[in-house]
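Residue numbers (our numbering): 34 to 831.
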């Protein structure tokens, strides 16, 4: 099985020439380093900086949105060191850390007007900035913070190169004064918080200064990264000597401080990850150690488990973990440790990005969902890195996906080597919790431009259609994910897509078409690894199956997943070529398709029995899923038979009639399944017993409706007095025009009269199985009864 690879889906969307020139000028004259990041927020921003120049672009198109060249008070211009997206009072902006001389300036930059609106002098060189809150005052939105912080209006954590850690008041309650980076305010640092915070803040702000609380004294050790974790209300602080601290923002006390197993390697990035419904209130923190700032060759990922005493849901609907009990390192991954394929000895490895993508399922069907603290059903952390090797070749670039819920399922191993040692040949594709994509195609297309950052679009993360139910274990592996992403380069943006092993396999089958007969073994093995085969074949050795059995399994996978190009491609090719084997191949495929129709019809009959026999009042989700799968399978088989009918050229009269009959049968059954599924989704099925009058959903009361129409017929007959035909109800006229098929059908059930309404919904829906009647007439008859028995509010909803 070959490795998963990303595919480029756009050309290089270049930044405007003015942006490239503005950034390149300082790269040459000031020997400054160009760097940039996606903001990661909902505003679709990316920023680039070089020296004093800041450029903000659209993350999808590369369009220039804002630009600013910072000025300084010294002869040398300042250097942009840190940038973080920050929104406040319906404005979007950036928190920018400028290095100037031996000190720094913290700026609040408003994207709407492209200028600095707040600036504060910092005592040392800034290395990291992290927004804590954009609100202020004693409101609900700040109740999770320390009482002293609630008197501030907008708080940002700021770290410096000597280990100084500050919480700075952004004074968002006063934006009236005109301020910029050269006319910045001084900082008033308080080493402890007293009860007189509001009075002291008033005094400080009147004097034109900003209040700041010191969390940590200067330690002499630089702080490369800060990360505020809203769900645990903690500030994670990463140090250049490999230590990680956790500060509680409610108590402003340090709850954890320890060196990671990677030793004295700088903690370069941190991201939070929450599993699904951990019974012990555990969540996780990824800490990435990297020597890339010093052109080193180390990038290692460390997963820390945080256990809390309580996990509750706030009034805002958000989850909050409280009472940290312990923090332990549970997993590590060295991306340069020899597990991943490299082209040679590495010279430099650098982390490009790390992010967590979560998806929450709507639990509206659960009675306790209002008060329950909801956890994500999908939680994956995504890392990308680039490895440079000796020689003239291009760097190797990778993107790894870690699924924490699947890691739980794999019994929480402490490293990838555990799995690698068991299955070294297949671990990249078959690892149950980690998947790897090669981005070499992106590098080849964008070279010699540098990749600065990679962003995976959260909404694009998805799996395909399960090939069977219950899905095989392989279906849940992270290697089955499909997602889109964007690469930020020094000259523009490029879009890419990463397809999972299942989609890759299905694409391979589609491309194979008629040549599938020459690659049956490879195709079968691909389907087996991708989890596309029937569960009964998972533990069967491929060598014990004949080629015909393997081919039938492949065809089933294609039909179940809607990859019909494989079958239709074969039909079109075999009907157009004059080869002795073509007729036999077509006959085999037609017989297989029809056998599959019979199998689907039997499954549909089995599903429908409890819908009409009164044995249940509600359709459980599993039964509805089975019905929808059956409907989809019938629809796909109808498409295949339709292709046979369209492409058939040299058929005998008997053969054409037989094919036409088969197509008619599958069309009727497919339509019937579609309507039954709609009735179930609309809560009109299952069909209850006559005396069941207490259902919370609409139900078919045959005696009531029968008496209604009988009374109208009798009234018309009485009015006519034999002078004109009293059989003039619209529905009776419609039914009579369609022949005696419907009358015979509606006489079949006990109590049926052959007239409208039928004695049961079963009899009503069986109209769809009658041949020779236009589909629109069937819909008209059924729709009239649906309108009659369904309250208008429910009908509008469904």
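Glycine is no exception: its CB is placed at the ideal position from the N, C-alpha and C atoms.
Touch check for the segment 598-608 and the segment 568-583: three-plus C-beta pairs under 8 angstroms?
As far as the Cβ criterion goes, the segment 598-608 does not touch the segment 568-583, which means the pair count is below three.
May I ask whether a heavy atom of the ligand COA can be found less than 6 angstroms away from the beta carbon of residue 269?
Absence of the ligand COA from the depicted structure is noted, as is the absence of any ligand whatsoever, leaving it without description.
For residue 123, which of helix, strand or coil comes out of DSSP?
Three-state DSSP puts residue 123 in coil, outside helix and strand.
Output needed for residue 56: all residues of its chain with C-beta closer than 7 angstroms, excluding positions within five of it in sequence on either side, in chain order.
67, 81, 83, 86, 88.
Buried or exposed for residue 272, going by 16 or more other Cβ atoms inside 10 Å?
Buried.
Give a yes or no on contact between the segment 276-291 and the segment 236-244, applying the rule of three or more CB pairs nearer than 8 angstroms.
No, they do not touch.
In terms of residue numbering, what span does the alpha helix (DSSP H) encompassing residue 249 cover?
Run containing residue 249: none in the alpha helix (DSSP H); it sits in the beta strand (DSSP E), 243-249.
Look up residue 529 in the DSSP assignment and say whether it is helix, strand or coil.
Note: residue 529 maps to strand in three-state DSSP.
Starting from residue 343, trace the beta strand (DSSP E) both ways and give me its first and last residue.
Where residue 343 is concerned, the enclosing beta strand (DSSP E) stretches over 332-346.
At a cut of 8 angstroms, does the segment 729-736 reach the segment 654-663 through at least three beta carbon pairs?
The segment 729-736, when compared against the segment 654-663, does not touch it at the 8 angstroms Cβ threshold.
Pick helix, strand or coil for residue 106, following the three-state DSSP scheme.
Correct three-state label for residue 106: coil.
By alpha-carbon positions, which one of 473, 313, 299 ends up nearest to residue 324?
Of the listed residues, the one whose Cα sits closest to residue 324 is 299.
So does the segment 408-418 actually touch the segment 380-391, counting three or more Cβ pairs closer than 8 angstroms?
The answer is yes - the segment 380-391 touches the segment 408-418, with three or more Cβ pairs under 8 angstroms.
What are the complete alpha helix (DSSP H) segments, minimum 4 residues, inside the segment 755-827?
List check, alpha helix (DSSP H) in window: 763-770, 774-779, 794-798, 808-822.
From residue 434 to residue 533, what does the alpha carbon distance come to, in whole angstroms?
When rounded, the distance between both Cα atoms is 11 angstroms.
Taking the alpha helix (DSSP H) that residue 711 belongs to, which residues open and close that run?
Segment 686-714, the alpha helix (DSSP H) holding residue 711.
Roughly how many angstroms lie between the CA atoms of residue 304 and residue 75, to the nearest whole one?
Rounded to the nearest angstrom, the two C-alpha atoms are 18 angstroms apart.
Figure out for me which residue from 132, 556, 651 has the closest Cα to the Cα of residue 105.
When only C-alpha atoms are compared, the closest one is 132.
Output needed for residue 356: all residues of its chain with C-beta closer than 8 angstroms, excluding positions within five of it in sequence on either side, in chain order.
Cβ neighbours of residue 356 beyond the five flanking positions: 341, 342, 343.
Tell me the residue span of the beta strand (DSSP E) that contains residue 587.
Not the beta strand (DSSP E): residue 587 falls in the alpha helix (DSSP H), residues 580-593.
Mind the definition here: the segment 481-499 touches the segment 513-533 only if three or more C-beta pairs lie below 8 angstroms; say whether that holds.
The segment 481-499 vs the segment 513-533: in contact.
Would you mind stating whether residue 332 and residue 418 have Cβ atoms separated by less than 7 angstroms?
In contact: residue 332 and residue 418 (Cβ atoms closer than 7 angstroms).
For the alpha helix (DSSP H) containing residue 410, name the first residue and the last one.
Element bounds for residue 410: n/a, residue is neither H nor E.
What residue from 693, 692, 633, 280 has the CA that sits closest to residue 668's CA?
Among 693, 692, 633, 280, the Cα nearest to that of residue 668 is on 633.
If I'm right that residue 336 touches residue 360 with Cβ under 8 angstroms, what's the distance once you round it to whole angstroms?
Incorrect: roughly 11 angstroms between the Cβ atoms, too far for contact.
Who are the near neighbours of residue 516 in its chain, counting only those whose CB is closer than 6 angstroms to its CB and skipping five residues on each side?
The residues are 489, 493, 494, 531.
Are the beta-carbon atoms belonging to residue 673 and residue 626 less than 7 angstroms from one another?
Yes. Within cutoff.
Return the Cβ separation of residue 314 and residue 380 in integer angstroms, given the expectation that the two are a contact with Cβ distance under 8 angstroms.
Actually they are not in contact, since the Cβ atoms of residue 314 and residue 380 sit about 44 angstroms apart, beyond 8 angstroms.
Taking the alpha-carbon of residue 49 as reference, which of 99, 37, 77 has the nearest alpha-carbon?
Here the closest residue by C-alpha is 99.
Confirm, please, whether the CB-CB distance from residue 776 to residue 787 is below 7 angstroms.
A contact, by the Cβ cut-off of 7 angstroms.
For residue 202, count neighbouring Cβ atoms within 10 angstroms of its own Cβ and tell me buried if that reaches 16, exposed if not.
Buried: at least 16 other Cβ atoms inside 10 Å.
Identify whether residue 645 lies in helix, strand or coil by the three-state DSSP scheme.
If DSSP states are grouped into helix, strand and coil, residue 645 belongs with the helices.
Around the Cβ of residue 724, are there at least 16 other Cβ atoms within 10 angstroms (buried) or fewer (exposed)?
Because residue 724 sits at a pLDDT of 48, beneath the cut-off of 50, its placement in the model cannot be relied upon, and the following sentence gives the value as read from the coordinates. Exposed.
Would you give the residue range spanned by the alpha helix (DSSP H) that residue 393 belongs to?
Run containing residue 393: none; DSSP gives neither H nor E here.
Report the start-end ranges of each alpha helix (DSSP H) in the segment 220-276 that is 4 residues or longer and not cut off at the edges.
Whole alpha helix (DSSP H) segments, 4+ residues: 230-239.
What's the gap between the Cα of residue 501 and the Cα of residue 682?
Distance between the alpha carbons of residue 501 and residue 682 is about 35 angstroms.
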